[in-house]
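In our numbering, the protein residues as written are 8 to 187. Glycine included, every Cβ here is placed at the ideal spot set by N, Cα and C. Written out below as structure tokens is the structure these notes cover.
This is the structure:
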């Protein structure tokens, strides 16, 4: 069986080894994910943009090209950027005690796209960015769109694995630079 996240798994194997916990968990997620291939690939693609790792973003781009056309990938990039903007703003509102202050920053990027996939993608970005307010909101919306709690957790798992891979890839890149 061909993997829809083959490039991400290959990067994981290259950085950490194919017997690493991360590699095993990628494969397990792909087998168990409750949502479509587009849901999984889109979650990884959107989350990769939030990690600021070029290596992970490149691998996710290769996987995304197999299931999304250029317009869809552009929409996913816009969604990830908008979610990051919202995540930072909502976290700041919470930390500063400005819950009653209107945030007011919206974009059509977070209102377009198929449900429940769009909520999966938004959950993944919100998880990488650590925004509790947005995680709760998108988990509720994902459930309303038909995703179970397991499906919500699979989106968070995709984000967690993407963030962990980005951390490992950056560490390897730093070690390689230090070696000269």
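In the structure shown, residue 76 falls within a coil segment according to DSSP collapsed to helix, strand and coil. For residue 154, the secondary structure class from DSSP, reduced to helix, strand or coil, is coil.
Here the alpha carbons of residue 60 and residue 122 stand approximately 27 Å from one another. Within the same chain, and ignoring the five residues on either side of residue 136 in sequence, the residues whose Cβ sits closer than 8 Å to its Cβ are 57, 90, 91, 94, 95, 98.
Bounds of the alpha helix (DSSP H) holding residue 37 are 28 to 39.
Restricting attention to 42, 12, 45, the CA atom closest to the CA of residue 32 is found in 12. In chain order, 100 place their CB closer than 7 Å to the CB of residue 108, counting only its own chain and leaving out the 5 sequence neighbours on each side. Across the set 175, 42, 10, 21, the C-alpha of 42 shows the shortest separation from the C-alpha of residue 163. The shortest CA-to-CA distance from residue 105 to any of 130, 84, 140 is the one to 140. For residue 24, same chain residues with a beta-carbon under 8 Å away, outside a window of 5 residues either side, are 30 in chain order. For the 7 Å CB-CB criterion, residue 83 and residue 55 do not form a contact. Rounded to the nearest angstrom, the gap between the Cα atoms of residue 15 and residue 50 is 12 Å. Judged by DSSP in its simplified three-state form, residue 106 adopts coil rather than helix or strand. Around the CB of residue 155, fewer than 16 other CB atoms lie within 10 Å, so the residue is classed as exposed. Under the three-state reduction of DSSP output, residue 147 falls in the helix class. With fewer than 16 other CB atoms across the displayed protein chains lying within 10 angstroms of its CB, residue 151 is exposed.
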